[in-house]
Amino acid sequence: MLIAAARLFDGHGHSIVPNPLIDIADGRIASVTQGNAPPSNSSSTVDLGDVTVMPGLIDIHQHLAFDASDDPVSHLADVDDGTLLLRMRAAALRALAGGITTIRDLGDRNYVSLTLRDWFRSGAEAGPEILAAGPPITTTGGHCWFLGGAADGEDGIREAVQAHASRGVDLIKIMATGGNLTPSLGPHESQYTAAELAAAVRAAHALHLPIAAHAHGGQGIADAMAAGVDSIEHCTFFTADGVDADPAVIAELGRRKAVVSVTAGTIPGGGPIHPAIAKRMAAIVSNHAALHRAGARIACGTDAGVGPGKPHDVLRYAVSNVLPTIGMSNAQALRANTSLAAEICGVGDRKGTIAVGKDADLIAVPGNPLEEITCIQQVLAVFVGGRRVGMGSQ
Ligand SMILES: [Zn+2]
522 MLIAAARLFD GHGHSIVPNP LIDIADGRIA SVTQGNAPPS NSSSTVDLGD VTVMPGLIDI
582 HQHLAFDASD DPVSHLADVD DGTLLLRMRA AALRALAGGI TTIRDLGDRN YVSLTLRDWF
642 RSGAEAGPEI LAAGPPITTT GGHCWFLGGA ADGEDGIREA VQAHASRGVD LIKIMATGGN
702 LTPSLGPHES QYTAAELAAA VRAAHALHLP IAAHAHGGQG IADAMAAGVD SIEHCTFFTA
762 DGVDADPAVI AELGRRKAVV SVTAGTIPGG GPIHPAIAKR MAAIVSNHAA LHRAGARIAC
822 GTDAGVGPGK PHDVLRYAVS NVLPTIGMSN AQALRANTSL AAEICGVGDR KGTIAVGKDA
882 DLIAVPGNPL EEITCIQQVL AVFVGGRRVG MGSQ
């Protein structure tokens with residue numbers, strides 16, 4: 522199949538390539554050249570016309586098991602795993618229609634996301650690539666304990682990591698601090714000691730699994746960083762009543778080029794953001810801007826599913842509305858959730874750029890997103906593994 526378009530952004534560079542011709546074979550990109558579309562009397566040529574083709578977006582933090590309602594926790598408790606799987610499939614397909622061709626799921630129940638991952642991987646249905654953590658590792662009664670990943674102490678954490686690995690997860694998720702979904706512990710409070718987090722990282726890395734740490738409070742962020750986690754999720758520097766970031770921790774995260782997953786994005790008209798976040802938003806944005814200037818590697822993880830403003834296709838709003846506010850150029854913001862996110866997720870060899878040999882995960886958007894990044898809010902076509910899906914999401 523040959524895809525022709527007016528413009529291409531490859532997910533890696535700084536500029537637009539005019540008149541690309543992308544040749545796709547066996548689901549991968551076989552060549553990228555430039556020229557006019559051949560006369561399309563062949564069904565194997567798709568001329569997308571006056572659009573920009575770019576890599577599919579990669580959301581580095583979603584929860585397919587949460588339904589993006591005002592009470593996702595109760596709604597999850599109400600359904601069995603069979604119903605949950607069907608709901609998660611619908612959520613994943615919504616994400617795909619919104620231009621998200623790879624989803625890193627950072628917390629499910631009973632490893633249902635792995636079943637969905639394997640269903641799409643089988644090729645039986647075109648779906649996004651899913652990289653799944655299974656139930657997040659948390660303390661007994663701690664943040665999101667109801668997902669089933671409770672583990673205490675260094676031995677308990679090691680056993681939990683091994684149990685996750687034996688189920689075939691793609692990475693480990695650990696809750697370093699409390700969070701906003703679970704009232705048992707404040708987001709600013711640490712759940713695990715520095716030694717316990719270090720044990721988790723050693724156990725995960727020994728099994729060649731990356732590990733992502735949910736961390737809101739400053740101590741949890743510092744401990745997760747020192748432990749050597751592969752990404753810090755949220756990184757909001759919550760205190761009991763506000764936000765307070767230690768400049769030395771920000772500088773060190775930058776020096777290490779640490780991966781920071783910025784929890785961003787709400788859909789237009791999607792309802793209010795969580796009040797605890799809303800009142801801290803300006804300070805959080807300012808700290809994320811400081812992290813960006815310091816050299817941290819930042820991409821959006823939307824936390825899709827956790828609330829009514831966060832359906833599973835919200836990423837395009839996060840990238841276009843939020844990343845520029847922390848000082849990213851349009852090209853940096855577009856690279857964040859394509860090529861950089863692919864590296865963060867460990868799939869940089871297959872995803873995130875339009876280059877020979879990569880999976881043909883492509884989207885088409887109007888206009889020129891390097892000049893006007895909100896162009897990506899309108900997804901006109903989506904291809905995953907070279908298969909065109911739906912008609913995109915307007
Ligand atoms: Zn989350």
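The end of the sequence shown is residue 915 by this note's numbering, with every number in the run present. For glycine and all other residues, C-beta sits at the position ideal for the given N, C-alpha and C. Here the structure is a predicted model, which means the values were calculated and not measured.
Exposed unless 16 or more other CB atoms sit within 10 angstroms - verdict on P619
One-based indexing of the sequence shown puts residue 619 at position 98. Reading off the sequence, residue 619 comes out as Gly, not Pro. Label assigned to G619: buried.
Pull up the distance between the alpha-carbon of V781 and that of P541, whole angstroms please.
Your numbering for residue 781 matches position 260 in the sequence shown. Your numbering for residue 541 matches position 20 in the sequence shown. If you take the alpha carbons of V781 and P541, they lie about 33 Å apart.
Three or more beta-carbon pairs under 8 Å between the region 568–585 and the region 868–884, yes or no?
In the pairwise beta carbon analysis, the region 568–585 is classified as touching the region 868–884: at least three pairs are separated by under 8 Å.
Cβ-based neighbour list, M522, same chain, cut-off 6 Å, excluding 5 preceding and 5 following
Counted from its first residue, the sequence shown places residue 522 at position 1. Hits under 6 Å: I545 and S565.
Can you tell me whether H535 is buried or exposed, with buried defined as 16 or more other CB within 10 angstroms of its CB?
Position 14 of the sequence shown holds residue 535. Classification of H535: exposed, given that the 10 Å Cβ count is below 16.
Give the single residue among F758, V843, M802 and A716 whose Cα lies nearest to the Cα of G707.
The residue labelled residue 707 in the question sits at position 186 within the sequence shown. Taking only the C-alpha atoms, the option nearest G707 is F758.
Any C-beta of chain C sitting closer than 9 Å to the C-beta of G911?
In the displayed structure, chain C is absent; only one protein chain is listed.
I742 and A733 - do their beta-carbons sit closer together than 9 Å?
Reading the sequence shown from its first residue, position 212 is the one you call residue 733. Reading the sequence shown from its first residue, position 221 is the one you call residue 742. Cβ distance not < 9 Å, so A733 and I742 don't count as in contact.
Cutting at 7 Å between CB atoms, please list the residues of its own chain near V633, excluding the five before and the five after it.
Translated into positions along the sequence shown, residue 633 becomes position 112. Taken in chain order, the residues that qualify are A586, D602, L605, L606 and M609.
Pull up the distance between the alpha-carbon of S687 and that of E893, whole angstroms please.
The residue labelled residue 687 in the question sits at position 166 within the sequence shown. The residue labelled residue 893 in the question sits at position 372 within the sequence shown. The straight-line gap from Cα to Cα measures roughly 45 Å.
With a cut-off of 8 Å on the beta carbons, I'd call L530 and I524 a contact; round off their distance for me.
Taking the first residue of the sequence shown as position 1, residue 530 is located at position 9. Taking the first residue of the sequence shown as position 1, residue 524 is located at position 3. Leu is not the amino acid found at residue 530; the sequence shown has Phe there. F530 to I524, Cβ: 14 Å. No contact.
Cutting at 6 Å between CB atoms, please list the residues of its own chain near S860, excluding the five before and the five after it.
As a working mapping, residue 860 is identified with position 339 in the sequence shown. Counting only Cβ-Cβ distances below 6 Å, and skipping sequence neighbours, we find G532, H533, G873 and T874.
When you get a sec, list the residues whose CB is within less than 7 Å of any heavy atom of ligand 1, chain order please.
H582, H584, L627, G628, H735, E754, D824 and V827
Can you list the beta strand (DSSP E) stretches of 3 or more residues lying completely in the region 741–812, in chain order?
752–759 and 780–783
Whole alpha helix (DSSP H) runs in the region 542–609 with 4 or more residues, listed along the chain?
593–598
Indicate the three-state DSSP secondary structure (helix, strand or coil) for S914 in the structure shown.
As a working note, residue 914 is residue 393 in the sequence shown. The predicted position of S914 is uncertain, since its pLDDT is 47 and thus under 50; a value taken from the coordinates is nonetheless stated next. S914: strand per DSSP, three-state reduction.
Using 8 Å as the cut-off, can you tell me whether the region 789–801 makes contact with the region 847–856, which would need three or more C-beta pairs spanning the two stretches below that distance?
no
What three-state label does DSSP hand I624 in the structure shown?
Taking the sequence shown and counting its residues from 1, the one referred to as residue 624 is at position 103. It is a strand residue.
Supposed close pair I865, I581 - CB separation, criterion 8 Å:
Counting from 1 along the sequence shown, the entry for residue 865 is found at position 344. Counting from 1 along the sequence shown, the entry for residue 581 is found at position 60. Correct: roughly 6 Å between the Cβ atoms.
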